[in-house]
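In this note's numbering, the protein residues as written are 946 to 1260.
In what follows, a single structure is set out as structure tokens and then discussed.
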């Protein structure tokens, strides 16, 4: 079913009259409304998390090039959906990517294409507001790579928050190249004790809220980072740009190749045969179910947008 965006309540909305594309403004306003609902909850709650990314028709978000290096910097989105991405960024406090995306693509993570910019919310802030770039870099490997290649001036993201493991943070001043990180905004977090690598995403979100005042995070990739947030169920909504392109499985990397659907099992749904919970029940975004507000939206250039609350709201 193809469902166009519907009229959106106008709480703290984007000025659609001058946006040039009412559909894009409607999407941004809808996500903003979902944020406001969560932000009305007690302040100890974790930030609102959106997964927002572009994929091909066959579900690929990245490719492995001829040198066997992974890159998420694929030209998938059209101009209109790229504008949507910047619009969604503008209503989030932070834009988060994984370390590999940071090191390989060196992204700006800015809202430079969004016309409805606002002033910074910081005290005495006279400059245009930009969401904070956030990088998951457990061992600070990606930051080392970029600093060694380009130096501090070569990092395109402005003043990124680098989340690393607490023990790595503690060791920085004892390293011979410890001065390399001087001036960087490094945020120590707990390691994920359930896996051999990576950070505890719950603690990352907690530290971002408590120590940096971040109430909303837009996760853009790469594939492993998207899957990690989905696996831990630290997701409030999802916005997928589906481009009319095929990448192919030989070099293509799936958006959710590392997503373990079984980890979302609640035990409430059964398939009626062996008593095991139905996997499909957890992954079904029903556009006919008003609780999820799921919809496919066409008319964003040649791309199609899928927007929904994450299924935890439809249990």
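Here a beta-carbon is modelled for each residue, glycine too, at the ideal position from N, C-alpha and C.
In this text the structure is predicted, and so the values were computed from the model without any measurement.
Can you tell me whether residue i is buried or exposed? The criterion is at least 16 other CB atoms within 10 Å of its CB, across all chains shown.
{"i": "residue 1009", "result": "exposed"}
{"i": "residue 1056", "result": "buried"}
{"i": "residue 985", "result": "exposed"}
{"i": "residue 1138", "result": "exposed"}
{"i": "residue 1103", "result": "exposed"}
{"i": "residue 1186", "result": "buried"}
{"i": "residue 987", "result": "exposed"}
{"i": "residue 1170", "result": "buried"}
With H, G and I counted as helix, E and B as strand and the rest as coil, what does DSSP make of residue i?
{"i": "residue 1248", "result": "strand"}
{"i": "residue 993", "result": "strand"}
{"i": "residue 1078", "result": "strand"}
{"i": "residue 1111", "result": "helix"}
{"i": "residue 1025", "result": "helix"}
{"i": "residue 1225", "result": "Here residue 1225 scores only 42 on pLDDT, less than 50, and its place in the model is too uncertain to base an answer on."}
{"i": "residue 1100", "result": "coil"}
{"i": "residue 1133", "result": "strand"}
{"i": "residue 1043", "result": "strand"}
{"i": "residue 1190", "result": "coil"}
{"i": "residue 1254", "result": "strand"}
{"i": "residue 1239", "result": "coil"}
{"i": "residue 1106", "result": "strand"}
{"i": "residue 1138", "result": "coil"}
Residue i CB to nearest chain C CB: under 7 Å?
{"i": "residue 1005", "result": "Among the protein chains of the structure shown there is no chain C, as only one such chain exists."}
Would you mind reading off the limits of the alpha helix (DSSP H) that contains residue i?
{"i": "residue 972", "result": "967-984"}
{"i": "residue 1172", "result": "1168-1176"}
Could you spell out the range, first to last residue, of the beta strand (DSSP E) harbouring residue i?
{"i": "residue 1054", "result": "That residue, residue 1054, is in no beta strand (DSSP E); it is neither H nor E in DSSP."}
{"i": "residue 1148", "result": "Where residue 1148 is concerned, there is no enclosing beta strand (DSSP E), although the alpha helix (DSSP H) it sits in stretches over 1146-1157."}
{"i": "residue 1199", "result": "1197-1199"}
{"i": "residue 1180", "result": "Neither: residue 1180 is in no beta strand (DSSP E) and is coded neither H nor E."}
Among residues of its own chain, excluding the 5 on either side of residue i, which ones have a beta-carbon nearer than 7 Å to its beta-carbon?
{"i": "residue 1166", "result": "998, 1006, 1017, 1042, 1043, 1046"}
{"i": "residue 1024", "result": "1246"}
{"i": "residue 1030", "result": "997, 1022"}
{"i": "residue 1208", "result": "With a pLDDT of 46 at residue 1208, under the threshold of 50, the modelled position of that residue is not reliable, and the figure given next carries that caveat. Only 1176 meet the Cβ criterion."}
{"i": "residue 1182", "result": "976, 979, 995, 1253, 1254, 1255"}
Once the 5 residues before and after residue i are set aside, which same chain residues still bring their CB inside 8 Å of it?
{"i": "residue 1150", "result": "991, 992, 994, 1162, 1179"}
{"i": "residue 1100", "result": "1051, 1091, 1092"}
{"i": "residue 1085", "result": "1107, 1109, 1113, 1117, 1126, 1131"}
{"i": "residue 1188", "result": "999, 1000, 1001, 1002, 1021, 1022, 1023, 1026, 1247, 1248"}
{"i": "residue 983", "result": "990, 993, 1181"}
For residue i, collect the residues of the same chain with a Cβ closer than 6 Å to its Cβ; drop the 5 residues on either side in sequence, then sort them by chain order.
{"i": "residue 1035", "result": "1056, 1059"}
{"i": "residue 1088", "result": "1082, 1107"}
Three-pair Cβ contact test at 8 Å for the stretch 1170-1183 versus the stretch 1152-1160:
no
Would you call the stretch 965-982 and the stretch 1142-1151 touching, i.e. three or more CB-CB distances under 8 Å?
no
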